[in-house]
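Below is one structure, written out as structure tokens; the observations come after it.
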Amino acid sequence: MSCEDLVPADFAARFSSGVIRCKDAQKSFMKVLISGAGIAGLALAHCLGRKGYRPIVVEKSSSLRDYGYMLGLVGTGYEVAERTNLLPALEAVQHNPDRMVYLNPQGEEKFAVEDKALERLEGPHELNLMRGDIERVLYENAADAIDLRFATTIQSIDQQDGSVRVALSDGSEEECDLVVGADGLHSQVRALTFGTEKRFVRFLGCHVAAYILDRSHVPDVASNTTYTLTEPNRSVSLVTTGDSKLVAIFMYRAEHEHRLGTVEAELREVFAGMSWHVPFLLERCSETTDVYFDEVSQVEMPAWSSGRVVLLGDAGYAVSLIAGQGASMALAGAYILAEELTTTPNDVAGALERYEYHLRPKIARIQRVGRRNVGVFLPANRFQLALRDFGIRFAGSAPAAPFASLARKFFTPSGNLYQSRRK
Ligand SMILES: Cc1cc2nc3c(=O)[nH]c(=O)nc-3n(C[C@H](O)[C@H](O)[C@H](O)COP(=O)(O)OP(=O)(O)OC[C@H]3O[C@@H](n4cnc5c(N)ncnc54)[C@H](O)[C@@H]3O)c2cc1C
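Counted from 1, the sequence shown has number 256 at position 270 by my numbering; the numbering is strictly sequential.
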């Protein structure tokens, strides 16, 4: 079953009739508690802060996460950055590559995408950013409006008539009007409210690991360049960020959903025999403490809210890194949710229904593309790999220029923030 199948047939009618009303008192500033200070949680805090709210944000980590990986903000994500005046700050920390180099198994350049070809592939509105930089920009813009509590998690959620009581890991309790689970793919809020992860998470059959290293360790990489070495079922990329850092990203197909041993052990086994800088990168990985690792999955839920608890970002509708729009959708969801909540602060249920109404069709489309694109990231055999390479070269070529925007829509169907109605 896809996310699209989960949109009730009468959704539009229910939405326009505004059938769900909450019993809320006449409050204009509701108390919102957000779990997770990732892109989704901080973006919601920023959007609510702009409307005069002061949400509480609880975050499991003891500080903002400064590690991460490179990601692209396209279409909707870019539009939200523009609408919330974050664009200048994000542009100041972007690392747009000038060249994307594809390597053969010996580590030699097979072909490269650059200049006009790169523009055609990426489109006019693309920002390449480190995840940590996006979170820092969001935090800096929201800091005055947030009560941010690090090293704190939600222990229990008790929905009462017209409010939610939350027990926190520091021993305190909060009574709120709304709890937002923006705590990622393995959301605790989702588990507490909707049930175990395996009911909602669809494993796409691959794993990803990423870590940051000093550029000085791999001196022969050029500035502003992304290198990718793909072999059937496995792929390694090196992305240069600024003058001093590199991001190494490992992706591979895996039959088992959960990692069998340590990250290093699994990577060593899967990437054994690959040439280029791979043996060195595997060695560095063992010495690095901040290695991101996860399965590549999507989250599909019949509803994103239950009473006064709502899910946002990967927690509610992860599209996967293969769809390349999880961050953009975290921003889109945060913006729409904040708009709807502040439009009808006395009708939380109606706001949550409209949030889902605006976002769910877009998520369903992107998730479908994510599932289809697994073979683009990780071709299963040499024939698929050759086809993938041909597709990239053709899409960037001058003869394909008239179809470039069509091709981008096919692979990253981001579209506008609102399909219609609200501008
Ligand atoms: C390698 C890679 C490349 C990607 N590339 C792109 C791309 O090009 N474009 C794109 O748009 N997206 C991309 N994505 C996806 C994107 O990074 C995610 O979709 C997005 O970051 C999700 O943000 P989030 O805030 O919903 O979740 P998360 O980033 O998972 O943040 C969740 C936050 O909640 C915290 N937390 C977790 N549990 C708890 C708890 N119990 N209590 C309190 N806090 C908790 C976490 O510490 C974290 O701060 C990529 C992902 C990967 C892995």
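We put the CB at the ideal spot given by N, CA and C, even for glycine.
Among 262, 102, 223 and 22, the one whose alpha carbon lies nearest that of residue 381: 102
Regarding residue 434 and ligand 1, is the C-beta to nearest heavy atom distance less than 7 Å? The structure shown does not extend to residue 434, since the chain spans only -13 to 409, so no value can be given for it.
Under 8 Å, do residue 360 and residue 374 count as touching if we go by C-beta distance? Not in contact: residue 360 and residue 374 (Cβ atoms no closer than 8 Å).
For the alpha helix (DSSP H) holding residue 112, just list the boundary residues, first then last. From DSSP, residue 112 is part of no alpha helix (DSSP H) but of the beta strand (DSSP E) over 112 to 116.
Can residue 305 and residue 349 be called in contact, C-beta distance under 8 Å? Closer than 8 Å, so yes.
Local conformation of residue 275 per DSSP, three classes: coil
Determine the extent of the alpha helix (DSSP H) in which residue 344 is found, giving its start and end residues. In the DSSP assignment, residue 344 falls within the alpha helix (DSSP H) that extends over 334 to 358.
Cβ neighbour criterion (16 or more within 10 Å) applied to residue 168: buried
Report yes if the C-beta of residue 337 is less than 7 Å from at least one heavy atom of ligand 1; otherwise report no. no
Could you name each continuous alpha helix (DSSP H) segment of 4 residues or more that falls completely within the region 211 to 260, going from the start of the chain to the end? 249 to 256
Along the chain, which unbroken stretches of the beta strand (DSSP E) at least 3 residues long are found entirely within the region 150 to 175? 159 to 162 and 164 to 167
In terms of DSSP beta bridges, what is residue 146 paired with? 149
Suppose contacts are defined by Cβ-Cβ distances below 8 Å. Is residue 44 in contact with residue 199 by that definition? no
Residue 85 - containing beta strand (DSSP E), residue span: Start and end: 85 to 89.
Segment contact, 8 Å Cβ cut-off, at least three pairs: the region 157 to 173 with the region 261 to 276: No: fewer than three Cβ pairs fall under 8 Å.
Hey, out of 124, 165 and 130, whose CA is closest to residue 141's CA? 165
Element boundaries [beta strand (DSSP E), containing residue 18]: Taken as a continuous stretch (DSSP letters only), the beta strand (DSSP E) holding residue 18 covers 18 to 21.
Could you tell me the distance, in whole angstroms, from the CA atom of residue 299 to the CA atom of residue 124? Roughly 15 Å between the two C-alpha positions.
Is it the case that the CB of residue 216 approaches a heavy atom of ligand 1 more closely than 7 Å? no
Could you compute how far the alpha carbon of residue 265 sits from the alpha carbon of residue 258? 8 Å
Residues near residue 366 in its chain [Cβ-Cβ closer than 8 Å; skip 5 each side]: Excluding sequence neighbours, residue 366 sits near 218, 219 and 239.
Residue span of the alpha helix (DSSP H) that contains residue 375, given as start and end: 368 to 382
Minimum C-alpha distance to residue 321 - residue among 46, 237, 64 and 49: 64
What is the DSSP secondary structure of residue 52, reduced to helix, strand or coil? coil
Integer-rounded CB distance, given that residue 144 should sit under 8 Å from residue 197: Incorrect: roughly 39 Å between the Cβ atoms, too far for contact.
Any contact of the region 281 to 290 with the region 173 to 192, i.e. 3+ C-beta pairs under 8 Å? Touching, yes, given that three or more Cβ pairs across the two stretches are closer than 8 Å.
Are the Cβ atoms of residue 411 and residue 42 separated by less than 8 Å? Past the boundaries of the shown model lies residue 411; the chain is included only from -13 to 409, so the question cannot be answered.
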